[in-house]
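Here the protein sequences come in this chain order: A, B, C and D. Residues 1 to 136 (the working numbering) are what the first sequence spells out, left to right. Residues 137 to 272 (the working numbering) are what the second sequence spells out, left to right. Residues 273 to 408 (the working numbering) are what the third sequence spells out, left to right. Residues 409 to 544 (the working numbering) are what the fourth sequence spells out, left to right. Even for Gly, the Cβ is constructed at its ideal location relative to N, Cα and C. Nothing here was measured: the structure is a model prediction, and the numbers come from that model. Reading through the structure tokens given below for one structure.
There are 4 protein chains.
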Amino acid sequence: MPQEYEIELKVRDYELDLQGIVNNSVYQNYLEHARHEYLLAHNVDFAALHAERIDLVVTRVEIDYKDSLKSQDRFVVKTSMSKEGNVRIVFHQRIERLPDQKTMIAAKITGVCLKCGRPSRPETAGLELQELQEIQ
Amino acid sequence: MPQEYEIELKVRDYELDLQGIVNNSVYQNYLEHARHEYLLAHNVDFAALHAERIDLVVTRVEIDYKDSLKSQDRFVVKTSMSKEGNVRIVFHQRIERLPDQKTMIAAKITGVCLKCGRPSRPETAGLELQELQEIQ
Amino acid sequence: MPQEYEIELKVRDYELDLQGIVNNSVYQNYLEHARHEYLLAHNVDFAALHAERIDLVVTRVEIDYKDSLKSQDRFVVKTSMSKEGNVRIVFHQRIERLPDQKTMIAAKITGVCLKCGRPSRPETAGLELQELQEIQ
Amino acid sequence: MPQEYEIELKVRDYELDLQGIVNNSVYQNYLEHARHEYLLAHNVDFAALHAERIDLVVTRVEIDYKDSLKSQDRFVVKTSMSKEGNVRIVFHQRIERLPDQKTMIAAKITGVCLKCGRPSRPETAGLELQELQEIQ
């Protein structure tokens, strides 16, 4: 099993909704940011790829909401990646509150790499899965 | 099968990301807004319930992204609801682009009703499923 | 004085913050969307212009917050436009709650038109001020 | 002149719009977060105050947009505070890109303290201006 890549963030008050908890959609922002940081750490630059007409596109999101982050909470987003078939990339992500490491969110995000709008192998985007797992 | 409740919306440019398409997390905003409108149409007021310490909370989100909305696209969000066991509520939602009615997003959102922080039957929030399906 | 262009919108619950009111930054989203609709109504397409390397860029924002929108509030955003010197465009915008027409927000937004990154006359973007005021 | 309070942040890709730059409204999020962190550093907790029916409310925003943040940019938000008359609080804020310290945004944010909905002296919220300036 691949090691996980971690980033640490902190809740910002504008992310809270009237229930005083982080709004459900905001977790997708956290997860997306963590994936882009993960990719950057492996020399894959989402914004630069777009300029070359290579886009990483999410096709399916599954998120289990286990508990809610609140004002001032610090947390980590843990990300690992695997391949599914020839073209699908799967990110496994988890958000844990600090310092108690309680799992807030568990997510499975499936994506594909599009080149000029057509699905292509992840290697097109420089995603060498073998290498990724070794670097980690 | 219950009839679907529809709202019509239009993409706003601030919802687009650098790929020129609506950002993934924004669809969750659309879906949440559609659920709240659905509930209001059945006299269930999310914000007012919160003031009474009754909260409807999402526990699981599954979203299939089939195609992307772009600048100026108009679309409908279709919502229906069912019950799963004693406490779980399930929303079935679909986003269709107008005027071609192409499905952009299909989603299944599972939630529970919390009263003072504890799971309770949907009827606590005034969600009379039987009645809902009749009203529709 | 030019006539005002109006769009009608409704508060969505995800736009509320923990104070139960629309978050300050969200009004900028409303104002931006209203400006883009205003421009579209005059055949100026923000997204299409960007593809031609012509960008309308905001240089200064002044917003007076007079009262707060809440859950379920309907409102209009009123927009008019004028020119300041050779290159500056000024939008005058106001958000009024419905049905009581109470002013929530008054704003003055200053922008310039950039062609390949350099300031140029608004006419570059098809903004014929004379004509705009006549069309209205 | 009071010393400035600094926080360091990094652009997240979901904050970019179709122009590939941070959307105008997002800077208000950055500025708000920086003000809340500034207040926390002086033992004033925005979320906790709200629970006591004391709200800090923005009444006027002036933002000069000088340049645009892009994907992966790191930046600091600098915040200082002063009093204007008996009830108004003024925040002076600046966003500087790192490492070149170029000013992206200069802002003046005016607010008041509301207790049970009525304007009251900043000291009501624990904002001891004298002390603030000394602590810094």
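| Item | Value |
| --- | --- |
| DSSP-derived helix/strand/coil call for C/Met273 | Reliability of the predicted coordinates at C/Met273 is poor, the pLDDT of 45 falling under 50, and the value obtained from them is presented with this limitation in mind. In this structure, C/Met273 counts as coil in the three-state DSSP scheme. |
| Pair within 8 Å by beta-carbon distance, B/Ile231 and B/Ile241 | yes |
| D/Ala533 burial status per 10 Å Cβ neighbour count (16 or more: buried) | buried |
| Candidates C/Cys385, C/Pro394 and C/Phe347, of which the one nearest C/Lys374 by Cα | C/Phe347 |
| Min CB distance C/Ala319 to chain D below 8 Å | yes |
| Candidates C/Ile279, C/Glu304, C/Tyr310 and C/Pro394: closest to C/Glu356 by CA position | C/Pro394 |
| Near-chain A residues of the region 234 to 248 of chain B (beta-carbon distance less than 7 Å), N- to C-terminal order | none |
| 7 Å Cβ shell around D/Val465 - same chain, five flanking residues per side excluded | Gly519, Val520 and Leu522 |
| Same chain, Cβ closer than 6 Å to B/Glu142, neighbours up to 5 away in sequence not counted | Val212 and Lys214 |
| C/Ser392 vs C/Val359 beta-carbon contact at 8 Å | yes |
| Straight-line gap, A/Pro99 to A/Lys70 (C-alpha atoms, nearest Å) | 14 Å |
| Pick from D/Arg505, D/Arg526 and D/Leu426 that is closest to A/Ala51, judged by C-alpha positions | D/Leu426 |
| Positions along the region 456 to 484 of chain D whose CB lies within less than 7 Å of some CB in chain C | His458, Asp463, Val466, Thr467, Arg468, Val469, Glu470, Ile471, Asp472 and Tyr473 |
| D/Arg443 - DSSP class collapsed to helix/strand/coil | helix |
| Neighbour flag for A/Gly20 against chain C, beta carbons, 8 Å | yes |
| From A/Arg12, A/His33 and A/Leu31, residue whose alpha carbon lies closest to that of C/Asn295 | A/Arg12 |
| Min CB distance C/Tyr310 to chain B below 8 Å | no |
| Unbroken beta strand (DSSP E) run spanning B/His228, endpoints | Arg224 to Leu234 |
| Selected residue, minimal CA-CA separation from B/Glu144, among B/Gln208, B/Ser218 and B/Cys252 | B/Gln208 |
| Other residues of its chain near D/Tyr438: CB distance less than 6 Å, five sequence neighbours each side excluded | Val485 |
| Contact set for C/Gly292: own chain, Cβ-Cβ below 8 Å, skip 5 residues either direction | Lys342 and Ser343 |
| Strand pairing of A/Lys150, partner residues [DSSP] | The question about residue 150 of chain A has no answer here: the residues shown for chain A are numbered 1 through 136. |
| Exposure of B/Gln139, with buried meaning 16 or more beta-carbon neighbours within 10 Å | exposed |
| Collapsed DSSP secondary structure at D/Asp421 in the structure displayed | helix |
| Cβ pair B/Ile199, B/Tyr163 closer than 8 Å | yes |
| Rounded C-alpha distance that separates B/Asn179 from B/Leu263 | 9 Å |
| CA nearest to the CA of A/Ala34, picked from A/Gly117, A/Gln93 and A/Arg97 | A/Gln93 |
| Selection from C/Asp339, C/Met353, C/Arg390 and C/Ala379 that minimises the alpha carbon distance to D/Leu525 | First, the amino acid is wrong: residue 525 of chain D is Gly here, not Leu. D/Gly525 has its Cα closest to that of C/Asp339, out of C/Asp339, C/Met353, C/Arg390 and C/Ala379. |
| For C/Ala323, the first and last residue of its enclosing beta strand (DSSP E) | No beta strand (DSSP E) contains C/Ala323, which is instead part of the alpha helix (DSSP H) from Phe318 to Ala323. |
| Top-ranked residue by Cα proximity to B/Thr195, from A/Ala47, A/Ser25 and A/Met81 | A/Ser25 |
| Own chain, CB closer than 8 Å to B/His172, minus 5 neighbours either side, in chain order | Phe182 |
| Pairwise C-alpha distance: A/Arg97 and A/Glu32 | 18 Å |
| Residues near D/Val469 by beta carbon distance below 6 Å, same chain, minus five either side | Ile517 |
| Pick from B/Tyr174, B/Tyr201 and B/Leu185 that is closest to B/Met217, judged by C-alpha positions | B/Tyr174 |
| Chain-ordered neighbours of D/Ser528 on chain B, where CB pairs are closer than 9 Å | The contacting residues do not exist; D/Ser528 stays about 24 Å from chain B at best. |
| Partners in chain B for D/Asn431, counting only beta-carbon separations shorter than 8 Å | Tyr150 |
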